[in-house]
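Chemist: Going left to right, the sequence shown walks through residues 1 to 116 as this note's numbering numbers them.
Positions of the beta carbon are idealized from the N, C-alpha and C atoms, including for glycine.
In this text the structure is predicted, and so the values were computed from the model without any measurement.
Input: one structure, supplied below.
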Amino acid sequence: MWLRYYMDVHVPAAISEALRRSGIDVLTSQEAGTREATDEVLLERAAELGRVLYSQDRDMLRIAYARQATRETFPGLVFSHQRGTSIGQLIDELELIAKCVRADEAADQVMYLPLT
Numbered sequence: 001m002w003l004r005y006y007m008d009v010h011v012p013a014a015i016s017e018a019l020r021r022s023g024i025d026v027l028t029s030q031e032a033g034t035r036e037a038t039d040e041v042l043l044e045r046a047a048e049l050g051r052v053l054y055s056q057d058r059d060m061l062r063i064a065y066a067r068q069a070t071r072e073t074f075p076g077l078v079f080s081h082q083r084g085t086s087i088g089q090l091i092d093e094l095e096l097i098a099k100c101v102r103a104d105e106a107a108d109q110v111m112y113l114p115l116t
């Protein structure tokens with residue numbers, strides 16, 4: 001089963017739209033009504049929905065690593081910096097991850113973009 005993404009509030013809409021056109025299941029934090037939620041709540045909501053969170057927020061890394069340290073499960077995090085990688089490359093790599101990594105393989109993992 002392909003990964004389903006939950007997009008952090010600061011992810012450009014162009015990324016979500018392009019992934020949807022490729023058939024990837026994407027839910028944005030705006031659509032889920034968590035636009036004003038804390039980072040902890042966003043990751044928890046992603047877990048409740050069984051979706052891997054994509055974020056460009058470094059605070060999310062700290063939260064994910066804290067969960068790993070305490071063995072508190074989460075559905076996975078894909079992280080990229082806000083600068084230095086084109087939107088096109090991010091879209092391609094998020095699509096690749098969604099189509100090649102199973103949800104159970106992503107669980108409790110932090111993946112970084114760019115892949116190369």
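From E36 to V11, what does the alpha carbon distance come to, in whole angstroms?
Modeler: If I take the Cα positions, the gap works out to 14 Å.
Chemist: Where do the N-terminal and C-terminal ends of the alpha helix (DSSP H) with S22 fall, by residue?
Modeler: Where S22 is concerned, there is no enclosing alpha helix (DSSP H), given that its DSSP letter is neither H nor E.
Chemist: What whole-angstrom Cβ distance do A64 and L43 have, given they're in contact under 8 Å?
Modeler: Sure, about 7 Å apart at Cβ, within 8 Å.
Chemist: Looking only at its own chain, which residues have a Cβ that is under 7 Å from the Cβ of S16, when we skip the five neighbours before and after it?
Modeler: For S16, where only same-chain residues beyond five positions count, the Cβ hits under 7 Å are M7, V26 and T28.
Chemist: Counting only the same chain and skipping the five closest in sequence on each side, list residues whose C-beta sits under 8 Å from that of R19.
Modeler: Rather than Arg, the amino acid found at residue 19 in this sequence is Leu. Contacts found: Y5, V26, I91, L94, E95 and A98.
Chemist: Can you give the Cα-Cα distance for G33 and V78, rounded to whole angstroms?
Modeler: For G33 and V78, the distance between alpha carbons rounds to 21 Å.
Chemist: Please give the ranges of any alpha helix (DSSP H) in the segment 18-72, keeping only runs that are unbroken, at least 4 residues long and fully inside the region.
Modeler: You should have 39-49 and 58-69.
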